[in-house]
Structures are given as structure tokens and as C-alpha cells.
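**Q** Chains as they are written, first to last, in my numbering: chain A, 44 to 136; chain B, 44 to 136.
Where a beta carbon is used, it is the ideal one built from N, C-alpha and C, also for glycine.
Please read these numbers as outputs of a predicted model, since none were measured by experiment.
Number of protein chains: 2
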Amino acid sequence: MSDVFNALSSPVRREILEMLKAQDMTAGEIADQLDVGKSTLSGHFNVLKAADLVSTSRSGTTITYSLNTSVVEDLLTSIVGLLSKNKEGKENA
Amino acid sequence: MSDVFNALSSPVRREILEMLKAQDMTAGEIADQLDVGKSTLSGHFNVLKAADLVSTSRSGTTITYSLNTSVVEDLLTSIVGLLSKNKEGKENA
DNA sequence: TCATTATTTCGTTTATTAGCGAAATAACAA
DNA sequence: TTGTTATTTCGCTAATAAACGAAATAATGA
Chain A
44 MSDVFNALSS PVRREILEML KAQDMTAGEI ADQLDVGKST LSGHFNVLKA ADLVSTSRSG
104 TTITYSLNTS VVEDLLTSIV GLLSKNKEGK ENA
Chain B
44 MSDVFNALSS PVRREILEML KAQDMTAGEI ADQLDVGKST LSGHFNVLKA ADLVSTSRSG
104 TTITYSLNTS VVEDLLTSIV GLLSKNKEGK ENA
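What follows is the structure in C-alpha cells.
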């Protein structure tokens, strides 16, 4: 989960995830929408892959990225954990 | 929300939040539990405050930190956004 | 006022991260 | 095989972030 939090700390990477929530996209398509070089973007992809937030499929020379929603769900569970078992008196609404 | 994601990217800061979910604690009490110097910890507190994830109250020379659960809830909402409006065919369960 | 305790700020060093362009890799078509 | 397109890796520089100890601040009690 540490890798996931780390991946989410970059605005560029969060924007990539936002794009992928709507549809799968190729590396090039993502690069066209963002204002960073392709090599920089590739580095971001590596971070997202390390967190298992995205997966890839290759077709020819083209690589398509898609969002791993299950990992996003795990993240939600992890954050919900910060809300349960709260201080006395304040029974978790 | 960018400040929140940034704050969560540090394992030390996430541990502080975990401690605060159970009970409010003073800076010194938190320092006793963690293996980093007090000045370092103070820096982490600043990041958490910038994200509004914690709030403080002073009593004498002692400063007590508490978790702002409302911001955690906002975070949840933001992450849930990554799951809604997904690709065709996959109607968000 | 002076000393004490709790915490923060400051200055510095070290480590990590983001960005770039150039070169390498991979798949495929001609 | 050669060339083309898509993407990644590499080497580098610049910007950020984490850590420390020392000094500063703040509140209080003697």
C-alpha cells in the first residue's frame, strides 16, 4: 500500500489515473494530453505499475494502459481504516 | 486535495495519523513512539497541518494533535471518484 | 526575573524525485 | 534486411524532501 500512496503523491500521475478511469489509453495518447516528455511519462508509468494501479497490454508497438480498479478499492479500504475505531464518545457515524 | 495526497505519501506521517485515530496525542507523546528526532517530527506536523489533516490545541507548553476526520472523508470522496464513470459495459458495481 | 519544559524554526547535509534529450528496444511492414 | 513507429531505458541536472542538531520561542512555576 506504501507504493500506492507514493504513486498518488504526484499530480501528473493522478491525472493519468483520471484519464484512465474513463477509458483505456495508449502511452502516446496519454502523452498527447499531458505537458511532459515521453520519457518522463514513462517514468511515471513505472511508478504506477510498481503500485499495481495500472496494467498494460501490447498490440504491435503500441502499449495500452488501463486502470486497476481493484487496487483503488484496496486503497479505499485502507483509508476507511483511519476513520474506524475513533476516540471515545464519538461513535463512528 | 493535492496537499492531502502529498501528506499521505510519507510512511511516518501515515503512522502519525494511525496513532491519532485512536486518541489525541501531544507532540512529545508521538515523538516517544517514533524513531525520528523531534525537529524532524515537527516538520511532518507542518505537512499534516498544511493538508488540514490534523488540528492542534495548546495547553501550557504542550501541544495536542488530533485527526481531522472530515478531511479524511473528503479524501475518500475524491478517491471514489476514480471508480465512478468507468469504461463502457462495466457498470460500476 | 530566571529556570525549566515542550515544541518549533533554522541551517545544513544527504537522499529522492522529476524532468530532459539521446540512445536503445520492440514490433511490424515494405 | 531495412526502415518506421511506439515506447522505454540511460545518463544527467535541477528541484524537493527528509533528517539532524543547535538555537529560538512560548508558557509556566519558583
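By the criterion of Cβ-Cβ separation under 8 angstroms, what are the contact partners of Leu-51 of chain A in chain B?
**A** Walking along the first sequence from the start, residue 51 of chain A turns up at place 8. Neighbours of Leu-51 of chain A on chain B, chain order: Phe-48, Leu-51 and Ser-52.
**Q** Starting from Ser-109 of chain A, follow its DSSP beta bridges and name the residues at the other end.
**A** By 1-based counting over the first sequence, the position of residue 109 of chain A is 66. DSSP, once it has assigned bridges, lists A:Ser-98 as partnering Ser-109 of chain A.
**Q** By alpha-carbon positions, which one of B:Leu-125, B:Ala-94 and B:Ile-59 ends up nearest to Gln-76 of chain B?
**A** Looking up residue 76 of chain B in the second sequence gives position 33. If we check each option's Cα against that of Gln-76 of chain B, B:Ile-59 comes out closest.
**Q** Any beta carbon from chain A within less than 8 angstroms of Arg-57 of chain B's own beta carbon?
**A** To locate residue 57 of chain B, count along the second sequence from 1; it is residue 14. Cβ-Cβ to chain A under 8 angstroms: yes for Arg-57 of chain B.
**Q** Which partner residues of Thr-69 of chain A appear in the DSSP bridge assignment?
**A** Numbered from its first residue, the first sequence carries residue 69 of chain A at position 26. Answer by DSSP bridge pairing, in chain order: A:Thr-107.
**Q** Gly-86 of chain A by DSSP, collapsed to three states: which one?
**A** One-based indexing of the first sequence puts residue 86 of chain A at position 43. Gly-86 of chain A falls in the helix class under three-state DSSP.
**Q** So Thr-105 of chain B and Thr-69 of chain B are in contact, right, with Cβ under 8 angstroms, and what is the actual spacing, rounded?
**A** Translated into positions along the second sequence, residue 105 of chain B becomes position 62. Translated into positions along the second sequence, residue 69 of chain B becomes position 26. The pair is a contact, with the Cβ atoms about 5 angstroms apart (cut-off 8 angstroms).
**Q** Counting Cβ pairs closer than 8 angstroms, one from the segment 84-92 of chain A and one from the segment 89-103 of chain B, do we hit at least three?
**A** no
**Q** Taking all protein chains shown into account, do 16 or more other C-beta atoms lie within 10 angstroms of the C-beta of Val-123 of chain A, making it buried, or fewer, making it exposed?
**A** Stepping through the first sequence from its first residue, residue 123 of chain A is reached at position 80. Under this definition Val-123 of chain A is an exposed residue.
**Q** What number of angstroms, rounded off, separates the C-alpha of Ser-52 of chain B from the C-alpha of Glu-61 of chain B?
**A** If you number the second sequence from 1, residue 52 of chain B lands on position 9. If you number the second sequence from 1, residue 61 of chain B lands on position 18. Each residue's Cα considered, the two are about 14 angstroms apart.
**Q** Distance, Cα to Cα, Leu-31 of chain B vs Leu-63 of chain B?
**A** Residue 31 of chain B is absent from the model: chain B starts at 44 and stops at 136.
**Q** Check each candidate in B:Pro-54, B:Asp-67 and B:Leu-84 and name the one with the smallest Cα separation from Ser-98 of chain B.
**A** The residue you call residue 98 of chain B lines up with position 55 of the second sequence. The shortest C-alpha to C-alpha distance from Ser-98 of chain B to any of B:Pro-54, B:Asp-67 and B:Leu-84 is the one to B:Asp-67.
**Q** Going by DSSP, what residue range makes up the alpha helix (DSSP H) through Val-47 of chain B?
**A** Against the second sequence, residue 47 of chain B aligns to sequence position 4. Segment 45-51, the alpha helix (DSSP H) holding Val-47 of chain B.
**Q** With Leu-96 of chain B and Leu-119 of chain B assumed to form a contact (beta carbons below 8 angstroms), what rounded beta-carbon distance in angstroms separates them?
**A** Looking up residue 96 of chain B in the second sequence gives position 53. Looking up residue 119 of chain B in the second sequence gives position 76. Not confirmed; about 13 angstroms, so no contact.
**Q** Is there a Cβ from chain A that is less than 8 angstroms from the Cβ of Val-115 of chain B?
**A** Position 72 of the second sequence, counted from the first residue, corresponds to residue 115 of chain B. For Val-115 of chain B, the answer is yes, since a Cβ of chain A falls inside 8 angstroms of its Cβ.
**Q** Starting from the beta carbon of Ser-45 of chain B, find every residue of chain A whose beta carbon is closer than 7 angstroms, and list them in chain order.
**A** Sequence index remark: in the second sequence, residue 45 of chain B carries index 2 (1-based). Residues of chain A passing the Cβ test: Pro-54.
**Q** Does the beta-carbon distance from Pro-54 of chain B to Ser-85 of chain A come in below 8 angstroms?
**A** Your numbering for residue 54 of chain B matches position 11 in the second sequence. Your numbering for residue 85 of chain A matches position 42 in the first sequence. Their beta carbons are not under 8 angstroms apart, which means Pro-54 of chain B does not touch Ser-85 of chain A by this criterion.
**Q** Give the residues from the segment 55-79 of chain A that approach chain B closer than 8 angstroms (Cβ to any Cβ), ordered along the chain.
**A** Residues passing the 8 angstroms Cβ filter: Arg-57, Leu-60, Glu-61, Lys-64, Ala-65, Gln-66 and Asp-67.
**Q** Just checking: is the beta-carbon of Val-123 of chain A within a distance shorter than 8 angstroms of some beta-carbon in chain B?
**A** For the purposes of this step, residue 123 of chain A is taken as residue 80 along the first sequence, with counting starting at 1. Interface residue, yes.
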